[in-house]
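Residue numbers (my numbering), protein chains in the order written: chain A, 160 to 432; chain B, 947 to 1294; chain C, -6 to 587.
Backbone N, C-alpha and C fix where the C-beta goes; we use that ideal spot for every residue, glycine too.
Below: one structure, written as structure tokens.
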């Protein structure tokens, strides 16, 4: 990674990415040539239904899923051409916030230990990083003394905020949020979405925001990518995709959102209507 | 979702980590599910057999010091030791010994006994029926008693009802699991053969002499399996699909027999396979208590006499029986629960 | 949903655990003290051979004139030491293999797991005999034999636990953070496996105790002049006719040792079981709760002052009253914990049995739902659709046999008739290849297809009411639209009344004629679907919910973060606007609360 390349290149560039699970007759191609870029400070919303490959894409980008062909470029460097040492360093540049707030924090470690591990993965000493820990806790509007407490003392929304703080504490170039609000109630979801919006402006975050919920993606994203059976069917600016979808699947998806303008489930019963 | 708790060592053995059961949703493979299942199981059986053959083969070379000296004993002459070395094939390189061992296995030649100077296969042929009789009867009794008992207790104590039954069932089954089989067997002898004098204490002469060994062999596995069934029953009764069936207001018998039973059989049978295979080990102990002329009695004598060909042969036979038992269980599982075919047992 | 409160489990001391620990302490004490004081009586050969019980020898003497009681007590030390050593070796070996294979590449890990699986299939005693045959007879070769034979099972169990924990998000996140592999094991895997491992260790202690003494018993373990419980019983068996008492004491000792280990294992398991400690409440009590609303005799469903209590008497539903008219779709909307599902399941009579249901009245037509009703009438009058189609179908049975249960059991239709009718119902709801589907198992169908099949099965009995509990929550958005369309068609063409539960405001406003907003077990507001869609709401909680919902229709600069607990006040009713004639919840209901 050279610093000259870093300034010009997009934070993430994915080219013709393919991911196949299994082999031989049982092989299933989950991603079929996905290409996308995310510029610094932008958020790309990735939407799709189950089986669309959106979570596979997220895991491939952070290196948890093997890539069968295509390439992933982070800050202008091709991940596949890195040595294993470089790749290990690169891993910290891309952080993922997981979906389930109940399994994302180790129940046997305090919040302070969890955040210290993000700051220094090897030594993970909360006392050595007390200032940084309280800084990140204040960023997510939690008091510094919660560092002593264990995850079970927090609500789902608070845990999700802690998971966000852990991802931020690494100082990553890119954050991948994988369905981070889908396990939450509406009111808690609003709290998390507000936090994400605030952090985007305050910290100039670059983000891939994955969700099945078109309302939510619409709320937080600059650009939208629509995945369908492992293929990108539409990619573009959020307002143009939602306002004027080109692909029939995108149109169907948008029209299926209850309460949306195109939503129609047929006539009401005459007597009541 | 509750976290899996390891209430019982067997229960966790084949329980899948969450998420691992999400096999391919059908249609992904062109193979029929039974063919795929058969292939996977054949692989597993082959591996088990290979492991068994390799381990039994290495038994002799692994003996500390010179195996021939160990076999011949302290006051053997050099000629005697050399003769034993020859008959064990210890003069040849290891890989040739192994090839010869495998070759002999294929022809059913398990070697010659040192102690009786007859072929090992003929010893096994005379002893195996006794062990098979004992084990088979034990397995049947175990399955017939443990599954209904566990289910009834599971149903009666559902949702925390009848705490007293729950506690006494747990105490009773726990007690019989904690007492070694040979102690139970010895006590059976004391009570029924010595004090009451109603049943023979030992031997295999009459049909009544089967009763005590079978009871002694089955009590512990009955308790183990009944506990598994009871726990599985209470888990299954809390599943969503049982609420669906309750919503159809089905009669209780139909609800439990048709909707609960097949689902609790999956785990139960997987564990039962292990427990039933373990009964082969139990048979060795029981045979020694009741002086039962089976493989178990024979192998103990052989170990004391350092009669290695006989030891190898009996362990091979018992190992094969265990593999066959597990395979049988897998086939029954595949019939009862089609999800098993989709690779539900694969790990990780 | 995951939004259930998970409090940290606190350790529960059960009687079994206390007894187990007490017995084990006594055994350890005997093991420490007996060899110091009784060695001579236990080991010195005397002329008083094969005596019966006397004041000098309480349980008599053996063939060599040694005191049977003393020998049984002294044998405790060797037995416990051997068992502890065996347990230690197999636990350490098993945990090392079971955790460290997760650091290995997947290929090696799978290969090791397969070998372990193959080894687990053999009875460990046979395995142990093999090792004993190699090492020869003796105490320490028995320890090694049993320990090595127990390692595969323990490694398997540890690997399973490690597998389940390494799928938790905090482990994959730790990898992304760059935490080195061994530290992932020590920081994340082992601490979270500690409790089950402890339980397992106690169980392994009990089983090794049995197996070790079994080896001694058949003469392949401890050899003369050493002795453990198994060896003593082996000697006693020879004299069982002449000296039956000789077998009693070692039997008692080994039973106590095994039992205490088993009790400790079971007790630890129960103490750490999150499902444990549940109380059981009364089933269903029709009670003299006061009436709360004006009689709505025309309504098809009338629920008056419904209260649901936990076994501890904590109210989960606090005096809910609602009515559903024929042909009407009523929506219950609220967040988790609002009591909407409990309300619906009370009407269906399908609440978990430990909950207590009380109401002034609850009826469907002339059917009193507080009484025990004829199963056939209930099954055919109320159709039920549940949240997760993936778990609501019995995985072991074919779709067809499940869908036709009600027709065959309650309507006494033949298998053939019910099959043909069901195939037609599936075709009506636009399920492709209905005959094939009937013969398939649930795991072979998609969630949307299963949910539509469930809806179709409720229709064949022509029910008066369909209760749908979050029926689209587990579905994709396009499938959800399709299922909602199905509900709308059924309601329009067959006029079936529906109670529709959802957390999604967009869904209820689109489908429902009337919407009831619930929070904290109470009704806060009653609206029409149109009012909700237009944002014409009165209650601050409903307003806040709407403001908290992101929408594709407009981009809100900031969402309002709501805290459901802040809105505990009561229903707002305004008769001029109130669409439902139902009156207010009377203050009487408040007395129910503790």
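At a CB-CB cut-off below 7 Å, which residues of chain C make contact with residue i?
{"i": "residue 1121 of chain B", "result": "252"}
{"i": "residue 1133 of chain B", "result": "244"}
{"i": "residue 1234 of chain B", "result": "211"}
{"i": "residue 1205 of chain B", "result": "387"}
Can you give me the C-alpha to C-alpha distance between residue i and residue j, rounded to a whole angstrom?
{"i": "residue 443 of chain C", "j": "residue 390 of chain C", "result": "13 Å"}
{"i": "residue 1042 of chain B", "j": "residue 1003 of chain B", "result": "12 Å"}
{"i": "residue 407 of chain C", "j": "residue 393 of chain C", "result": "13 Å"}
{"i": "residue 277 of chain A", "j": "residue 326 of chain A", "result": "7 Å"}
{"i": "residue 1147 of chain B", "j": "residue 1160 of chain B", "result": "13 Å"}
{"i": "residue 56 of chain C", "j": "residue 43 of chain C", "result": "5 Å"}
{"i": "residue 1132 of chain B", "j": "residue 1258 of chain B", "result": "29 Å"}
{"i": "residue 1126 of chain B", "j": "residue 123 of chain C", "result": "21 Å"}
{"i": "residue 25 of chain C", "j": "residue 220 of chain C", "result": "16 Å"}
{"i": "residue 998 of chain B", "j": "residue 78 of chain C", "result": "27 Å"}
{"i": "residue 1036 of chain B", "j": "residue 149 of chain C", "result": "35 Å"}
{"i": "residue 112 of chain C", "j": "residue 9 of chain C", "result": "33 Å"}
{"i": "residue 305 of chain C", "j": "residue 345 of chain C", "result": "14 Å"}
{"i": "residue 543 of chain C", "j": "residue 260 of chain C", "result": "49 Å"}
{"i": "residue 176 of chain A", "j": "residue 376 of chain A", "result": "22 Å"}
{"i": "residue 82 of chain C", "j": "residue 140 of chain C", "result": "6 Å"}
{"i": "residue 232 of chain A", "j": "residue 197 of chain C", "result": "51 Å"}
{"i": "residue 416 of chain A", "j": "residue 427 of chain A", "result": "18 Å"}
Specify the secondary structure class of residue i as computed by DSSP and reduced to three states.
{"i": "residue 510 of chain C", "result": "strand"}
{"i": "residue 241 of chain A", "result": "coil"}
{"i": "residue 315 of chain C", "result": "strand"}
{"i": "residue 232 of chain A", "result": "strand"}
{"i": "residue 515 of chain C", "result": "strand"}
{"i": "residue 191 of chain A", "result": "strand"}
{"i": "residue 1135 of chain B", "result": "helix"}
{"i": "residue 1005 of chain B", "result": "coil"}
{"i": "residue 376 of chain C", "result": "strand"}
{"i": "residue 951 of chain B", "result": "With a pLDDT of only 34 at residue 951 of chain B, under the threshold of 50, the placement of this residue in the model should not be trusted; the figure read from the coordinates follows. Coil at residue 951 of chain B, not helix or strand."}
If we count the other Cβ atoms within 10 Å of its Cβ and call it buried at 16 or more, is residue i buried or exposed?
{"i": "residue 51 of chain C", "result": "exposed"}
{"i": "residue 271 of chain A", "result": "buried"}
{"i": "residue 412 of chain A", "result": "buried"}
{"i": "residue 1253 of chain B", "result": "buried"}
{"i": "residue 245 of chain A", "result": "exposed"}
{"i": "residue 429 of chain A", "result": "exposed"}
{"i": "residue 330 of chain A", "result": "exposed"}
Give me the chain C residues within the contact set of residue i, using Cβ-Cβ distance strictly less than 8 Å, ordered along the chain.
{"i": "residue 1223 of chain B", "result": "114, 115, 116"}
{"i": "residue 1055 of chain B", "result": "Near residue 1055 of chain B there are no residues of chain C at all, since even the closest Cβ is about 20 Å away, more than 8 Å."}
I think residue i touches residue j, with their Cβ atoms under 8 Å apart; what is that distance to the nearest whole Å?
{"i": "residue 1175 of chain B", "j": "residue 1240 of chain B", "result": "That pair is no contact at about 29 Å."}
{"i": "residue 319 of chain C", "j": "residue 461 of chain C", "result": "Contact doesn't hold; Cβ gap of about 17 Å is too wide."}
{"i": "residue 425 of chain A", "j": "residue 481 of chain C", "result": "5 Å"}
{"i": "residue 220 of chain A", "j": "residue 171 of chain A", "result": "7 Å"}
{"i": "residue 375 of chain C", "j": "residue 357 of chain C", "result": "7 Å"}
{"i": "residue 512 of chain C", "j": "residue 331 of chain C", "result": "5 Å"}
Taking Cβ-Cβ distances shorter than 9 Å, what residues in chain C pair up with residue i?
{"i": "residue 1257 of chain B", "result": "122, 123, 126"}
{"i": "residue 382 of chain A", "result": "None at all; the shortest Cβ gap to chain C is about 14 Å."}
{"i": "residue 292 of chain A", "result": "The premise fails here: residue 292 of chain A is roughly 15 Å from chain C at the closest Cβ pair, so nothing lies under 9 Å."}
Taking Cβ-Cβ distances shorter than 8 Å, what residues in chain B pair up with residue i?
{"i": "residue 108 of chain C", "result": "993, 997"}
{"i": "residue 345 of chain C", "result": "1105"}
What does residue i reach in chain A if we use C-beta pairs closer than 9 Å?
{"i": "residue 99 of chain C", "result": "Near residue 99 of chain C there are no residues of chain A at all, since even the closest Cβ is about 10 Å away, more than 9 Å."}
Against residue i, what residues of chain B qualify as contacts under a CB-to-CB distance less than 7 Å, listed in chain order?
{"i": "residue 237 of chain C", "result": "1136, 1140"}
So which residues on chain A does residue i lean against when the C-beta distance must stay under 7 Å?
{"i": "residue 545 of chain C", "result": "373, 374, 377, 401, 413, 416, 419"}
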